[in-house]
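K.L.:
Please find one structure pasted underneath; my questions will follow.
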């Protein structure tokens, strides 16, 4: 079949229309939709791990909360040993009473310093100087042993025992102790 | 054979041409392509709608979980701090240095020929704790210096099984100016000062060496 001039013109026109339709379809309709789909897919994929991490965090916290009472039982028991109120008010009488029970009456306890415990929020460490001007070595050593066993929050950092110049049977003892108290 | 004359051949030819009009055929083809494209577009629109619905669901879940996770994280940090403080407190209680056994051991090795006039002790450090003892005294006997030397070595031997890196050294050892009465006899004396040093507790593990890139 031989095409006339008019028919060739029509064919060219139809071809142009096809090209126009395809261009509009892909660029104006399908393109934005594809981009929207891709954006939605990326958002879903990005939120997936975040949601999983959030769920894991909630589960982890629940596990920590569940185990916390058992883990903190020892801490609770230790903390219960610390009396409320200012340590200057309760510590010297407590030490005085302790040594009196061991037959060491003369005693003076003074605050030597205090420091916050950075690694242990809620606690601070207080240093004390305990002066026992007249003690026998054996009763003193026995008292030290009992003190170390009965007061787990107290530690003797230094001690000094010096023979008396006048009374050879008695010594003077000086203890430097520290103990943990509530903040 | 009879002769047939087609007087409508021009009309038939025009009809034939009209039926095979390329533009018309192209339009038909184009219509078919457009229909296929429209179908595909609708399919994609449904898919997009489905994705948007899924995204909305996921976002809603995230919006619900995110504040909970933040609260949980804060709570966990708080609990961990409390647990860490508690563990550290218990560890410090358990790792305390006990003086009574040291005093007992020193007391056991001091012979009757020795009078301790001054005993000082100090503990320093956190995990690996250094203990320094200073024992001043007076020894008496035919060989007073040897009595003091025996005491020095006895202290080190007595303490060594319980503690690490025990050292016992004389700070001073001098002949005394006074005589002492021992078993009814006048014997010479010596004054001494012994420094005893030892370590208690666990040694802190060495920090790993950072490799250079």
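Protein chains in written order, with my numbering: chain A, 1 to 183; chain B, 1 to 213.
Yeah, the Cβ is synthetic: ideal placement off N, Cα and C, and Gly gets one too.
(1) Using CA atoms only, rank isn't needed, just tell me which of B/194, B/152 and B/117 is closest to residue 166 of chain A.
(2) Taking the continuous beta strand (DSSP E) assigned at residue 2 of chain B, which residues delimit it?
(3) Could you tell me which uninterrupted alpha helix (DSSP H) segments, each at least 4 residues in length, are contained entirely in the stretch 35-120 of chain B, listed from first to last along the chain?
(4) Over what stretch of residues does the beta strand (DSSP E) that includes residue 27 of chain A continue unbroken?
(5) Exposed or buried, what is residue 213 of chain B when buried is set at 16 or more other beta-carbons lying within 10 Å of its beta-carbon?
(6) Taking C-alpha atoms, which residue in A/61, A/81 and A/51 lies nearest to residue 78 of chain B?
(7) When burial is assigned at 16 or more other CB atoms within 10 Å of the CB, is residue 26 of chain A buried or exposed?
(8) Look up residue 94 of chain A in the DSSP assignment and say whether it is helix, strand or coil.
(9) Within the same chain, show all residues whose beta-carbon is closer than 6 Å to that of residue 151 of chain B, passing over the 5 residues directly before and after it, in chain order.
(10) Hey, could you find the ends of the alpha helix (DSSP H) residue 137 of chain A is sitting in?
(11) In angstroms, rounded to a whole number, what distance separates the CA positions of residue 20 of chain A and residue 61 of chain B?
(12) Could you pull out every unbroken alpha helix (DSSP H) segment of at least 4 residues lying fully inside the stretch 38-123 of chain A, listed in chain order?
(13) Which residues in chain B have a C-beta closer than 8 Å to the C-beta of residue 57 of chain A? List them in chain order.
(14) So the alpha helix (DSSP H) residue 154 of chain B belongs to, where does it begin and stop?
(15) Spatial neighbours of residue 124 of chain A within its chain, please: CB distance less than 7 Å, with the 5 preceding and 5 following residues excluded, ordered by chain position.
(16) Under the DSSP definition of a beta bridge, which residues are partnered with residue 129 of chain B?
(17) Does DSSP put residue 137 of chain B in a helix, in a strand, or in coil?
(18) Using a beta-carbon distance cut-off of less than 9 Å, what residues from the stretch 94-114 of chain B approach chain A?
(19) From residue 196 of chain B to residue 162 of chain A, what distance separates their C-alpha atoms?
P.N.:
In this structure, then:
(1) Start at 1 with the first residue of the first chain, and residue 166 of chain A comes out as number 166. Ranking B/194, B/152 and B/117 by Cα distance to residue 166 of chain A puts B/117 first.
(2) Numbered from its first residue, the second chain carries residue 2 of chain B at position 2. Taken as a continuous stretch (DSSP letters only), residue 2 of chain B belongs to no beta strand (DSSP E), as it is neither H nor E.
(3) 99-109
(4) In the first chain, counting from the first residue as 1, residue 27 of chain A sits at position 27. Run containing residue 27 of chain A: none; DSSP gives neither H nor E here.
(5) Here residue 213 of chain B refers to the residue found at position 213 when the second chain is read from its first residue. Note that residue 213 of chain B scores 45 on pLDDT, short of 50, meaning its location in the model is unreliable and no value can be drawn from it.
(6) Counting from one through the second chain, the residue named residue 78 of chain B turns up at place 78. Of the listed residues, the one whose Cα sits closest to residue 78 of chain B is A/61.
(7) Locating residue 26 of chain A in the first chain gives position 26, where the first residue counts as 1. Counting Cβ neighbours within 10 Å, residue 26 of chain A comes out exposed, since fewer than 16 surround it.
(8) For the purposes of this step, residue 94 of chain A is identified with residue 94 of the first chain, where counting begins at 1. If DSSP states are grouped into helix, strand and coil, residue 94 of chain A belongs with the helices.
(9) Start at 1 with the first residue of the second chain, and residue 151 of chain B comes out as number 151. Cβ neighbours of residue 151 of chain B beyond the five flanking positions: 114.
(10) Residue numbering aside, residue 137 of chain A sits at position 137 when the first chain is read from its first letter. First-last of the alpha helix (DSSP H) with residue 137 of chain A: 137-150.
(11) The count along the first chain starts at 1 and reaches residue 20 of chain A at position 20. The count along the second chain starts at 1 and reaches residue 61 of chain B at position 61. Taking the straight line from one Cα to the other gives about 44 Å.
(12) 73-80 and 87-101
(13) For this step, residue 57 of chain A is matched to residue 57 along the first chain. Going along chain B in sequence order, the residues near residue 57 of chain A (Cβ under 8 Å) are 69, 72, 73 and 76.
(14) The sequence position of residue 154 of chain B within the second chain is 154, counting from 1. Taken as a continuous stretch (DSSP letters only), the alpha helix (DSSP H) holding residue 154 of chain B covers 144-159.
(15) Here residue 124 of chain A refers to the residue found at position 124 of the first chain. Hits under 7 Å: 114, 115, 116, 117, 181 and 183.
(16) Counting from 1 along the second chain, the entry for residue 129 of chain B is found at position 129. Paired residue(s): B/200.
(17) Residue numbering aside, residue 137 of chain B sits at position 137 when the second chain is read from its first letter. Three-state result, residue 137 of chain B: strand.
(18) 94, 96, 97, 98, 99, 100, 101, 103, 104 and 107
(19) Within the second chain, the letter at position 196 stands for residue 196 of chain B. Within the first chain, the letter at position 162 stands for residue 162 of chain A. Whole-angstrom Cα-Cα distance: 17 Å.
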